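**Q** One structure, pasted below without further comment.
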Amino acid sequence: SQQGEEDPQALSIQEGENATMNCSYKTSINNLQWYRQNSGRGLVHLILIRSNEREKHSGRLRVTLDTSKKSSSLLITASRAADTASYFCATDLQGGSEKLVFGKGTKLTVNP
Amino acid sequence: DTEVTQTPKHLVMGMTNKKSLKCEQHMGHRAMYWYKQKAKKPPELMFVYSYEKLSINESVPSRFSPECPNSSLLNLHLHALQPEDSALYLCASSQSPAGSRYQPQHFGDGTRLSIL
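Residue numbers (the numbering used here), protein chains in the order written: chain F, 7 to 118; chain E, 896 to 1011.
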């Protein structure tokens, strides 16, 4: 079953601009993770934010989490053509499940 | 280069064939996963192994048979597949079988499977 829903489904920007992707989920979580997938490749873990955290940074990435709204956002600043990829949020289920449930993903295109 | 290695990268097989997908990791991770991903869709969990024991089977048809011979290896045996089984099959691992809580999963680049 699907837990996360990203929006927008597709985003096209120019190099140097910021890109913001949003994720909403349905049930209580322990953590929320963001992954990147380049075309034809596996997923790469970007950042994990725990349910008791509100914001986290990693390089050009900034993730926020609002558990009251069951939503998260991923901001990529000063985007580069190499950031072109699909981005997925993934949530576990509170209660100890080993499952990660992925959202539908946002396809980001950064034009040079 | 990814730390999870999957072979083969591409596989074409007929509906009556038997083949196996292989996954290997040497990070000492004790949880390993199989996912199926259709084009333009998110990965869907198929199986989870914790300490070499099957802990989750997401109601996957029996034509997919997982095997974990040791803590570094994960296989997916395929038999009598259907055309709708054509997809990218991803293997992943995480450090502890205590679940994915607070732990990222490390993915291989997948096997692109086509069923004729």
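In this text, a Cβ means the ideal position worked out from N, Cα and C, and glycines have one as well.
Only a predicted model underlies this, so the values are computations on that prediction, with no experimental measurement involved.
So, under 8 Å CB-CB, lysine 933 (chain E) and alanine 982 (chain E) are touching, yes? Tell me the CB distance rounded to an integer number of Å.
**A** Position 38 of the second sequence, counted from the first residue, corresponds to residue 933 (chain E). Position 87 of the second sequence, counted from the first residue, corresponds to residue 982 (chain E). The Cβ separation is near 5 Å, so the contact holds.
**Q** Residues in the same chain with beta-carbon distance under 6 Å from cysteine 29 (chain F), minus the five sequence neighbours each way, listed in chain order, please.
**A** Taking the first sequence and counting its residues from 1, the one referred to as residue 29 (chain F) is at position 23. Same-chain partners within the cutoff: Gly10, Glu12, Ser78, Cys95, Gly109.
**Q** When the distance is taken between beta carbons, is arginine 60 (chain F) closer than 8 Å to tyrosine 93 (chain F)?
**A** Start at 1 with the first residue of the first sequence, and residue 93 (chain F) comes out as number 87. Start at 1 with the first residue of the first sequence, and residue 60 (chain F) comes out as number 54. It is not a contact, given that the beta carbons lie outside the stated cut-off.
**Q** Could you pull the DSSP bridge partners for aspartate 98 (chain F) from this structure?
**A** The residue labelled residue 98 (chain F) in the question sits at position 92 within the first sequence. Per the DSSP secondary-structure output, aspartate 98 (chain F) pairs with nothing in a beta bridge.
**Q** Can you find the residues in the same chain that come closer than 8 Å, C-beta to C-beta, to threonine 115 (chain F), ignoring five residues on each side of it along the sequence?
**A** Reading the first sequence from its first residue, position 109 is the one you call residue 115 (chain F). Ala16, Leu17, Ser18, Ile19, Thr90, listed in sequence order.
**Q** Suppose you measure from the CA of cysteine 986 (chain E) to the CA of proline 118 (chain F); what does that come to, to the nearest Å?
**A** The residue given as residue 986 (chain E) occupies position 91 in the second sequence. The residue given as residue 118 (chain F) occupies position 112 in the first sequence. C-alpha separation (whole angstroms): 33 Å.
**Q** What whole-angstrom Cβ distance do valine 907 (chain E) and serine 988 (chain E) have, given they're in contact under 8 Å?
**A** For the purposes of this step, residue 907 (chain E) is identified with residue 12 of the second sequence, where counting begins at 1. For the purposes of this step, residue 988 (chain E) is identified with residue 93 of the second sequence, where counting begins at 1. About 27 Å; that fails the 8 Å criterion.
**Q** Name the residue from E:Glu939, E:Leu1011, E:Ser966 whose alpha carbon lies nearest to the alpha carbon of alanine 926 (chain E).
**A** In the second sequence, counting from the first residue as 1, residue 926 (chain E) sits at position 31. For alanine 926 (chain E), the nearest C-alpha among the options comes from E:Ser966.
**Q** Can you name, in chain order, every residue of its own chain whose Cβ lies under 7 Å from the Cβ of lysine 62 (chain F), other than the five neighbours on each side?
**A** The sequence position of residue 62 (chain F) within the first sequence is 56, counting from 1. Spatial neighbours of lysine 62 (chain F) in its own chain (CB-CB distance under 7 Å, excluding positions within 5 residues in sequence) are listed in chain order as Ile53, Ile55, Val69.
**Q** Quick one: residues in its chain with C-beta nearer than 7 Å to the C-beta of glycine 22 (chain F), no 5 flanking neighbours on either side, listed in chain order?
**A** Here residue 22 (chain F) refers to the residue found at position 16 of the first sequence. Excluding sequence neighbours, glycine 22 (chain F) sits near Ala84, Ser85.
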